[in-house]
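Trainee: Quick note on our numbering: the sequence shown kicks off at 231 and runs consecutively. A virtual CB, placed ideally from N, CA and C, is assigned to each residue, including glycine.
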Amino acid sequence: HEKQMDRKGLRFTYNVMGLLLSENKLDDKALEYYEKSLAISKTLPEKTFLRACLANIGDTYRNKGNIQKALEYHYQALLVAREIPQISGHASSVWYQLSQDYFTLHKCKEAKIYIDSCLLFTINEPGLSFFIRDAELEAAKIDSCCGNFKEAYLHYQRYNVWRDKLKIDEVRKAAIKDKFQDDYDQQKAKDKAEQIKKDLLSKQRIQQQKTIRNFLFGGIVIVLLFSLAVIRQRNKIKVEQQRSEELLLNILPAETAEELKNTGAAKARSFNEVAVLFTDFKNFSQASEKLSPEELVHEINHIYSAFDTIISSHHIEKIKTIGDSYMAAAGLPIESKTTAEDTIRAAIEIQHFMKEYNAVKRKEQKPFFEIRIGIHTGPVVAGIVGIKKFAYDIWGDTVNIASRMESSGEAGKINISGATYEMVKDKFECVYRGKIEAKNKGEIDMYFVEGI
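Here it is, written out as structure tokens:
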């Protein structure tokens with residue numbers, strides 16, 4: 231390749247040399263070849279190989295124990311992956327690598343955000359069975375580290391399902407191969423016996439035997455193909471049923487979904503102590519004008535996916551999103567004595583995530599969103615209304631006051647009501663803001679949460 235000045239060939243061969251050297255624990259030498267491959271990749275228009283090369287360098291630095299360098303190259307790989315039209319598979323592999331980097335640093339919460347994003351974008355991708363299996367096992371380790379043992383158990387169950395499925399596929403392929411090999415060997419033996427008989431039997435008799443033999447063999451093949459088709463169809467129906475169940479549980483809480491399936495309706499319920507959380511982005515319109523519609527949707531989806539992961543880890547129900555506003559509630563449909571505390575802890579994690587995410591955006595000189603968070607605790611009514619496009623929602627003055635807590639707050643701050651403060655004042659450091667005028671609610675005691 232060097233003699234022919236074949237840049238594409240050199241790029242590929244240098245990368246393979248790096249992989250081989252890395253597998254043999256010669257990381258410093260591997261980095262030399264990876265850097266050669268990277269230098270060529272940066273001059274070529276195709277981004278897929280550039281992403282892979284950056285990711286390989288990041289993995290090598292992690293093997294050497296230099297996690298900061300690993301993070302640097304993996305973030306570069308993620309930026310390149312976002313420029314590839316079919317982003318999900320490429321970005322997911324980098325999210326997986328970033329989760330390993332943070333897990334190595336014992337930053338389990340950050341690792342969880344990236345491994346959850348990885349699984350979210352690969353779960354329905356064809357041809358990624360082995361990758362999904364490994365990602366589920368990594369997610370189980372990370373959730374266990376975070377103390378989310380229920381989620382860790384669910385990930386480990388899904389890992390076992392993928393592992394067993396892949397083993398079954400391999401066994402089935404081997405069995406089919408052995409079956410055809412046995413059939414071939416038996417057929418070959420019969421052919422040899424028939425050759426001996428040719429001297430004794432007439433040509434017509436031999437032809438009849440061949441016709442019968444071919445008919446029987448064709449029947450076996452037809453039966454085998456039919457059996458495989460039936461098994462495949464049955465598995466497809468089972469997968470679709472499971473997908474429908476998961477989709478319903480993604481829309482409604484488990485208890486409400488079960489009631490809806492059993493009775494065809496779900497009654498509205500009253501809850502005495504529910505912590506309602508609202509988030510909103512400051513100057514959203516100005517920041518969004520600097521992004522294309524596709525970029526804006528991608529950014530909001532990534533941020534809200536992280537929010538979903540965080541609130542789920544604190545047993546909080548996502549209610550809905552309205553434009554750039556995100557609404558969630560704790561203490562329903564299962565009541566809890568720690569609703570306010572759980573919600574504030576989730577808000578702190580959301581605050582931490584946005585600070586780190588915005589730091590990356592500032593470094594990239596790209597638009598970013600500053601967030602306001604408001605929380606109020608009190609009674610609500612919850613349920614679903616209408617007969618189409620079911621949506622679980624909550625109503626009551628508690629919801630209105632929680633919204634005022636958000637709108638009366640400041641960017642980067644968590645603003646809580648006096649009622650919420652009284653429930654958590656022994657758990658968190660809070661700063662009293664005084665009585666603040668809230669639209670249509672008069673003056674309300676408000677506090678900023680400063681930390682645990």
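1. According to DSSP, simplified to helix, strand and coil, what is Leu430?
2. Taking the DSSP output, what are the residues bridged to Tyr662?
3. Going by Cα to Cα distance, which pick from Ser637, Leu521, Glu232, Val611 is closest to Met676?
4. Identify every residue that forms a DSSP beta bridge with Ile614.
5. DSSP beta-bridge partners for Asp394?
6. To which residues of the same chain is Val611 closer than 6 Å at the C-beta, ignoring the five residues directly before and after it?
7. In the DSSP assignment, find the unbroken alpha helix (DSSP H) run with Thr573 in it and report its ends.
8. Taking DSSP as the reference, what is the three-state secondary structure of Met235?
9. Run through the DSSP bridge pairs and tell me what Ser555 is partnered with.
10. Look at Glu659 and Thr569 and say whether their C-beta atoms are less than 9 Å apart.
11. Between the C-alpha atoms of Phe410 and Lys596, what's the straight-line distance to the nearest angstrom?
12. Since Arg499 sits in a beta bridge, which residues does DSSP pair it with?
13. How far does the beta strand (DSSP E) with Ser647 in it extend, from its first residue to its last?
14. By Cβ distance, which residues of its chain are closer than 7 Å to Arg393, with the 5 residues on each side in sequence left out?
15. Return the CA-CA distance between Lys266 and Val246, expressed in angstroms with no decimal places.
16. Taking 8 Å as the cut-off, does the region 560-574 touch the region 513-531 (at least 3 CB pairs, one atom from each stretch)?
17. Report the three-state DSSP secondary structure of Glu276 (helix, strand or coil).
18. Can you tell me whether DSSP reads Phe511 as helix, strand or coil?
19. Rounded to the nearest angstrom, what separates Leu430 and Ile452 at their Cα positions?
20. Pairs of beta-carbons, one from the region 663-671 and one from the region 523-538, closer than 8 Å: are there three or more?
21. Quick one: residues in its chain with C-beta nearer than 6 Å to the C-beta of Leu335, no 5 flanking neighbours on either side, listed in chain order?
22. Please say whether Leu249 and Asp257 have beta carbons closer to each other than 9 Å?
23. For the putative contact between Ile603 and Ile644, defined by C-beta atoms under 8 Å, what is the C-beta separation to the nearest angstrom?
24. Could you give the C-beta distance for Asp554 and Asp623, rounded to a whole number, given that I count them as a contact under 8 Å?
25. Based on Cα-Cα distance, which residue from Glu262, Arg237, Tyr264, Asp289 lies nearest to Pro275?
26. Does any residue of chain C have a CB that is nearer than 9 Å to the CB of Asn513?
27. Which value, in whole angstroms, describes the spacing of the CA atoms of Lys403 and Ala419?
28. Go ahead and pull the three-state DSSP assignment for Ile682.
29. With distances taken Cα to Cα, identify the nearest neighbour of Leu268 among Thr278, Ala260, Leu284, Asn254.
30. On the three-pair Cβ rule with 8 Å, is the region 450-464 touching the region 572-588?
31. In chain order, what residues of the same chain have a beta carbon less than 6 Å from the beta carbon of Ala560, not counting five sequence neighbours either side?
32. When DSSP labels each residue in this structure, what does His606 get in the three-state scheme?
33. Out of Glu424, Glu366, Glu673, which one is the CA nearest neighbour of Gln437?
34. Please report the residue range of the alpha helix (DSSP H) in which Lys259 lies.
35. Please confirm whether Val679 and Ile541 have their CB atoms less than 9 Å apart.
36. With burial defined as no fewer than 16 other Cβ atoms inside 10 Å of the residue's Cβ, what is the status of Gln434: buried or exposed?
Mentor: According to the structure shown:
1. coil
2. Tyr677
3. Ser637
4. Tyr622
5. Its beta-bridge partners do not exist; DSSP assigns none.
6. Ala498, Ser500, Trp625, Gly626
7. 569-593
8. coil
9. Ile552
10. no
11. 59 Å
12. Ala612
13. 644-647
14. Arg363
15. 11 Å
16. no
17. coil
18. strand
19. 33 Å
20. no
21. Ile297
22. no
23. 5 Å
24. Contact flag wrong, Cβ pair sits at about 19 Å.
25. Arg237
26. Although the question refers to chain C, the structure presented lacks it and comprises just one protein chain.
27. 24 Å
28. coil
29. Leu284
30. no
31. Ala505, Ile546, Thr569, Asp572, Thr573
32. strand
33. Glu424
34. 257-271
35. no
36. exposed
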